[in-house]
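Chains as they are written, first to last, in the numbering used here: chain B, 168 to 550; chain C, 20 to 309; chain D, 3 to 323.
Ideal placement from N, C-alpha and C gives every residue a C-beta, glycine not left out.
Remarks on the structure that follows.
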Amino acid sequence: MRGLKTLASLAVAGCALAVSWTAQAADPVKIGAFLSVTGPASFLGEPEKKTLEMYVDRLNKQGGVQGRKIELTVYDDGGAPDKAATFAKRLIQSDNVDILIGGTTTGTSMAAIKIADPAGVPFISLAGGIDIVDPVKKWVFKTPHTDRMAAEKVFSDMKKRGLTKVALISENAGFGKSGHDQSLLVAPQYGIEIVADEVYSPKDPDVTAQLTKIKNTAGVQAIFNFGFGQGPAIVTKNYKQLGITQPLYQSHGVASKDFIRLAGDASEGVRLPAAGLVIAEQLAATDPQKPVVTAFKKDYEAAFKSEVSTFAGHAYDGLQIALAAIQRAGTSDKAKVRDEIEKTSGYVGTGGIVSMSATDHMGLNLSAFHMVEIVKGDWKMVD
Amino acid sequence: MAELLQYLFAGLTSGAIYALAGLGFAIIYNASHVINFAQGEFIMIGGMATATLTAAGVPLPAAILAAMALTMLVGVALEKFAIEPARNADVVTIIIITIGASIFLRGAAQVVWDKEFHALAPFSGETPIRILGATLMPQSLWVFGVSMAAIAALWWFFNHTLFGKAMLATSFNRLAAQLMGIGVKKVLLVSFALSALLGAVGGIVVTPIAFTNYEAGIMLGLKGFSAAVLGGLGNGMGAVVGGLIVGIAEALGAGYVSSAYKDAIAFVIILFVLFFMPNGLFGKKGVDRV
Amino acid sequence: MSMTKSSLLTARVGGMALLSAVLALAPLGFANAYYYDVAVGALFNAIICVGLNLLIGYGGQISLGHGAFFALGAYGSAIATSRWGVPPLAAMVASATLVGLMAFVIARPILRLKGHYLAMATLGIGMIIYIVLKTEAQWTGGPDGMGVDPLAVAGLALSTDRQWYWLSAALLLLAVWLSLNLVQSPVGRALRAGHGAEIGAQVVGVDTSHYKVLMFVVSAVFASVVGSLFAHKNGFITPDIASFHRSIELVTMVVLGGMASIFGSVLGAFILTLLPQMLTAFDDYEAMIFGAIMMGTMIFLPKGLLPSLILLIRKRMGGRS
Numbered sequence: 168m169r170g171l172k173t174l175a176s177l178a179v180a181g182c183a184l185a186v187s188w189t190a191q192a193a194d195p196v197k198i199g200a201f202l203s204v205t206g207p208a209s210f211l212g213e214p215e216k217k218t219l220e221m222y223v224d225r226l227n228k229q230g231g232v233q234g235r236k237i238e239l240t241v242y243d244d245g246g247a248p249d250k251a252a253t254f255a256k257r258l259i260q261s262d263n264v265d266i267l268i269g270g271t272t273t274g275t276s277m278a279a280i281k282i283a284d285p286a287g288v289p290f291i292s293l294a295g296g297i298d299i300v301d302p303v304k305k306w307v308f309k310t311p312h313t314d315r316m317a318a319e320k321v322f323s324d325m326k327k328r329g330l331t332k333v334a335l336i337s338e339n340a341g342f343g344k345s346g347h348d349q350s351l352l353v354a355p356q357y358g359i360e361i362v363a364d365e366v367y368s369p370k371d372p373d374v375t376a377q378l379t380k381i382k383n384t385a386g387v388q389a390i391f392n393f394g395f396g397q398g399p400a401i402v403t404k405n406y407k408q409l410g411i412t413q414p415l416y417q418s419h420g421v422a423s424k425d426f427i428r429l430a431g432d433a434s435e436g437v438r439l440p441a442a443g444l445v446i447a448e449q450l451a452a453t454d455p456q457k458p459v460v461t462a463f464k465k466d467y468e469a470a471f472k473s474e475v476s477t478f479a480g481h482a483y484d485g486l487q488i489a490l491a492a493i494q495r496a497g498t499s500d501k502a503k504v505r506d507e508i509e510k511t512s513g514y515v516g517t518g519g520i521v522s523m524s525a526t527d528h529m530g531l532n533l534s535a536f537h538m539v540e541i542v543k544g545d546w547k548m549v550d
Numbered sequence: 020m021a022e023l024l025q026y027l028f029a030g031l032t033s034g035a036i037y038a039l040a041g042l043g044f045a046i047i048y049n050a051s052h053v054i055n056f057a058q059g060e061f062i063m064i065g066g067m068a069t070a071t072l073t074a075a076g077v078p079l080p081a082a083i084l085a086a087m088a089l090t091m092l093v094g095v096a097l098e099k100f101a102i103e104p105a106r107n108a109d110v111v112t113i114i115i116i117t118i119g120a121s122i123f124l125r126g127a128a129q130v131v132w133d134k135e136f137h138a139l140a141p142f143s144g145e146t147p148i149r150i151l152g153a154t155l156m157p158q159s160l161w162v163f164g165v166s167m168a169a170i171a172a173l174w175w176f177f178n179h180t181l182f183g184k185a186m187l188a189t190s191f192n193r194l195a196a197q198l199m200g201i202g203v204k205k206v207l208l209v210s211f212a213l214s215a216l217l218g219a220v221g222g223i224v225v226t227p228i229a230f231t232n233y234e235a236g237i238m239l240g241l242k243g244f245s246a247a248v249l250g251g252l253g254n255g256m257g258a259v260v261g262g263l264i265v266g267i268a269e270a271l272g273a274g275y276v277s278s279a280y281k282d283a284i285a286f287v288i289i290l291f292v293l294f295f296m297p298n299g300l301f302g303k304k305g306v307d308r309v
Numbered sequence: 003m004s005m006t007k008s009s010l011l012t013a014r015v016g017g018m019a020l021l022s023a024v025l026a027l028a029p030l031g032f033a034n035a036y037y038y039d040v041a042v043g044a045l046f047n048a049i050i051c052v053g054l055n056l057l058i059g060y061g062g063q064i065s066l067g068h069g070a071f072f073a074l075g076a077y078g079s080a081i082a083t084s085r086w087g088v089p090p091l092a093a094m095v096a097s098a099t100l101v102g103l104m105a106f107v108i109a110r111p112i113l114r115l116k117g118h119y120l121a122m123a124t125l126g127i128g129m130i131i132y133i134v135l136k137t138e139a140q141w142t143g144g145p146d147g148m149g150v151d152p153l154a155v156a157g158l159a160l161s162t163d164r165q166w167y168w169l170s171a172a173l174l175l176l177a178v179w180l181s182l183n184l185v186q187s188p189v190g191r192a193l194r195a196g197h198g199a200e201i202g203a204q205v206v207g208v209d210t211s212h213y214k215v216l217m218f219v220v221s222a223v224f225a226s227v228v229g230s231l232f233a234h235k236n237g238f239i240t241p242d243i244a245s246f247h248r249s250i251e252l253v254t255m256v257v258l259g260g261m262a263s264i265f266g267s268v269l270g271a272f273i274l275t276l277l278p279q280m281l282t283a284f285d286d287y288e289a290m291i292f293g294a295i296m297m298g299t300m301i302f303l304p305k306g307l308l309p310s311l312i313l314l315i316r317k318r319m320g321g322r323s
């Protein structure tokens, strides 16, 4: 009698377990994204959105993650940090997402951190500012290279070429300004002296005045432009117009064929730090990034009929890191997923090989950047 | 010396762009006392349409004509469907309507086209012209030339054609003009079409220099408004002078004072002028009826 | 423009009662902190707009740079509390005082200008302040913004959206009550006289410019106070809150709701704050729809939402016009 009872209760328990297991399996993994799809950063936000949607779609067709479908909710913050914070709140409170991927700009990311970090929701930012992960915040990670890394890469190349007196020209918006500040910070470490410091607005039609000032500054050996979008293209064209001969370096903000298309012949000889994605074909066959970036590039260009952008790559990396963490954790429990993201090690992405730790929530080092020169309208890998 | 000249060239290049924008504001204001904040979008549509059409393989002249026609259509539609139904409303209300229109047009542009930056090949090449140690791009000459041609054409139109004079009459005194048999509605329609055309032309000549994208209208609208007000509303020549002043102030400010504050310097100058000349540089003194 | 004493009384009592009821009952529909968050945003905008309306609707002026006053209040509080350790309330009062003083100094020369010239001047001032906030990074953190400590009074920190909601609702009621009283006081009557026929009013001895300056300062102070609160609530501010776009947003809320209608401003602020949240489903078409709504409302209801609504209700009830 007792044996039967035990058997019966075991059976019931077993059924309950099975039912709850399948119930959990049917529960979708919810990913929330707030991106600057419109507004001054739409040039970055739009590819990010398209990439997330495309890959979530594809993965769902392949069965999702751990048999669970992925549910992606995307909101457009228009580049406004306070809107981003509201949408982050909406994603967390109303849409009950398990993880946040987004924050196209440093401003929107920093505003959202104020929501995500106290709420205990893992947040993978797609913005460049080093402040996002320095100081490290428990729940906040990021995929793009920091602006400091870009400056370091450029300065180390300049040092190699014996260029030590550098003129800085940057845009007065988020990316350019923080790049400017980081450049000033790390220049001394490479023996670089900043001898001129000019600023322009992202929508300025002409920067010859600033470049003339730089041209007339004594001893300038190289020029470093920090910005993205149309500004750097105008800087480059004006640079050629004025007949400036010192080498021109750009930041990773222009690491897309769009820059070459806009700047035209003027871009010849310009150097910039670029992620492997940009020079996929030129990577050594043994480079672990090669298969990943080649595949991503092909998929993106086929699906959207436009040049792949590194910003899209960052979104792709964010998604993959998140899903890999969920896979390893075996659950979408926020704390466990956070721990797994932090343990990401040797993930080969479009931006580089990512190995995070408790003190490094980005996981890339300088080797993730290749120095690239524009030759005859195409990229040429310099290192 | 070469340095000053280069700054002047820079200022004249951006100034001519702002001047064209300001002129568009002035024309509509003249006919209706309305400030059309969607003027910047006319410029954007002209540039975007031309750039995307040429990128699709359409030869430049045809693309230009198509872009001008499209922009004029948008201008006329704006007047017919948004401004005319509200003709008796408060000035501030109409401003809000045109702002709504500019948001709408921007939203439409991002759907119809895309969010990327577009360029046009410069019309006569990219070899810089050297003058006394400073350089100027041929495209800048196009912008000056087109601005001058536009002003000349408009001057002729307003002073030597019947309809142009009718438009001027309407701006002086709408009621009297109506009593004299002038079709005021038609005047308004033509003013929007003309401003749209001017905007489109501006966008087309400027795109080879400054590129274009769906948001290009915002800054141009702002600078155009500043130019028009500085010059004195209702005065086309004033708008052009205003635009050139803003451009030169920015360039000289960037060159001699601080490039971070160049835009602020231009605004300070505008405020200064308005303080001493409350109707702008060439504006008519308003008459307060008791 | 002309209202009888009894209808004003109804506005004051009836309107306040209705607003209080709405504010008290609305949270019943709030499912989570996000709703409170959006509501607080709407309340903040409403307070600014009530102040701005005093200038635009009653004073007959225009300001295309009011975002700057809001931003100055926000940054004033942010810098004072987070960099210098000044207690939040003191910082807020100090910022508001400074902003009020600044508005006073600017107001007299600026308010000599009329119409679009005044618009341009306010636009210029707003832009200058925006550029300064973006550039002076060692004070303001630059375009990437700065963090702000939470609001704490006597050791009690205001940290949940729910707490912010009740505080903001109370402040809105206070702001509305203040404005209603101002409008119905001799000051307000002078203003309305000035708005209607400036020269006539001046002839009768009404110092219209004095009252215009007063409205300018009051509206600037409202904006500054809300700016301080905004900074503490969000914990993070960027210079774009001083941008032209933001200033235009505020003017749109006032005009949409109904100029010279205090409750209209509240309605306009609520609607334009909620609209973007409601339009998210439209994805790429959101901007087009938003623009179309703006145009449509102003074309068909040129007096603004609330006055048109009241007119409609009056017609329906068959009351005498």
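| Item | Value |
| --- | --- |
| Alpha carbon to alpha carbon, how far is F254/B from Y36/D? Give it in angstroms, no decimals. | 8 angstroms |
| Assign Q487/B to one of two classes, buried (16 or more other C-beta atoms within 10 Å of its C-beta) or exposed (fewer than that). | buried |
| Look up A41/D in the DSSP assignment and give the residues it is bridged to. | In the DSSP output, where bridge partners are listed per residue, A41/D has none listed. |
| Leaving out five residues on either side along the sequence, give the residues of the same chain with a beta carbon under 6 angstroms from the beta carbon of Y393/B. | According to the sequence displayed, residue 393/B carries Phe and not Tyr. Closer than 6 angstroms at the Cβ level, and outside the excluded window around F393/B, lie S337, G343, G346, H347, S418. |
| Is there at least one Cβ from chain D nearer than 8 angstroms to A127/C's Cβ? | yes |
| With 16 other CB atoms within 10 Å as the buried threshold, where does N49/C fall? | buried |
| For R318/D, decide whether its Cβ has a neighbour in chain B, counting only Cβ atoms nearer than 8 angstroms. | no |
| Applying a beta-carbon distance threshold of less than 7 angstroms, which residues of chain C neighbour K380/B? | G274 |
| Starting from D224/B, trace the alpha helix (DSSP H) both ways and give me its first and last residue. | 209 to 228 |
| Does the CB of V40/D have a neighbour CB from chain B at under 8 angstroms? | yes |
| Spell out whether any CB of chain B is found under 8 angstroms from the CB atom of G237/D. | yes |
| P147/C touches chain B at which residues, Cβ-Cβ below 9 angstroms? | K407, Q408, L409, G410 |
| What first and last residue would you give for the alpha helix (DSSP H) that runs through R248/D? | 246 to 259 |
| Give me, in chain order, the residues of the same chain whose beta-carbon lies closer than 6 angstroms to that of T154/C; leave out the 5 immediate sequence neighbours on both sides. | P147 |
| Could you run through the region 333 to 346 of chain B and flag, in chain order, every residue whose CB is less than 7 angstroms away from some CB of chain D? | N339, A340, G341, K344, S345 |
| Where do the ends of the alpha helix (DSSP H) carrying F294/C lie? | 281 to 295 |
| What span of residues does the beta strand (DSSP E) with G269/B cover, start to end? | 266 to 269 |
| Among L219/B, Q377/B, N383/B, K424/B, which residue has its Cα nearest to the Cα of K543/B? | K424/B |
| Taking just the CA atoms, how far does Y416/B sit from R438/B? | 5 angstroms |
| Taking only the alpha-carbon atoms, compute the straight-line gap between A80/D and V228/D and give it to the nearest angstrom. | 13 angstroms |
| Is there at least one Cβ from chain D nearer than 8 angstroms to S203/B's Cβ? | no |
| Could you tell me the boundaries of the alpha helix (DSSP H) in which Q417/B lies? | Note, Q417/B: premise wrong, no alpha helix (DSSP H); beta strand (DSSP E) at 415 to 417. |
| Is G246/B near the ligand ZN, judged by its Cβ being under 7 angstroms from some heavy atom? | Among the components modelled here there is no ligand, and therefore nothing to report on the ligand ZN. |
| Rank L187/C, A140/C, L207/C by C-alpha distance to the C-alpha of A72/C and give the top, closest one. | The question names Ala, but residue 72/C is Leu in the sequence shown. Answer by Cα proximity: A140/C. |
| Along chain D, which residues have their Cβ under 8 angstroms away from the Cβ of T271/B? | What T271/B touches in chain D: nothing, since even the nearest Cβ is about 13 angstroms away. |
| Which residue's Cα is closest to the Cα of E468/B: I361/B, T218/B, N339/B? | T218/B |
| Contact between the region 163 to 176 of chain C and the region 28 to 43 of chain C: three or more CB pairs below 8 angstroms? | yes |
| Of all Cβ atoms in chain B, is any one closer than 8 angstroms to the Cβ of N183/D? | no |
| Could you tell me the distance, in whole angstroms, from the CA atom of P455/B to the CA atom of E448/B? | 13 angstroms |
| Using only alpha-carbon positions, find the residue among G306/D, L25/D, A44/D that is nearest to A262/D. | G306/D |
| Applying the criterion that 16 or more other CB atoms from any shown protein chain within 10 Å of the CB defines a buried residue, is S214/C buried or exposed? | buried |
| Using beta-carbon positions only, say whether V256/D and G78/D come within less than 8 angstroms of one another. | no |
| Which complete beta strand (DSSP E) runs does the region 130 to 155 of chain C hold, if anything under 3 residues is left out? | 148 to 150, 153 to 155 |
| Using a beta-carbon distance cut-off of less than 7 angstroms, what residues from the region 34 to 51 of chain C approach chain D? | none |
| Mind listing the chain B neighbours of T137/D? Cutoff is C-beta to C-beta under 7 angstroms, in chain order. | N339 |
| Could you compute how far the alpha carbon of D506/B sits from the alpha carbon of A48/D? | 43 angstroms |
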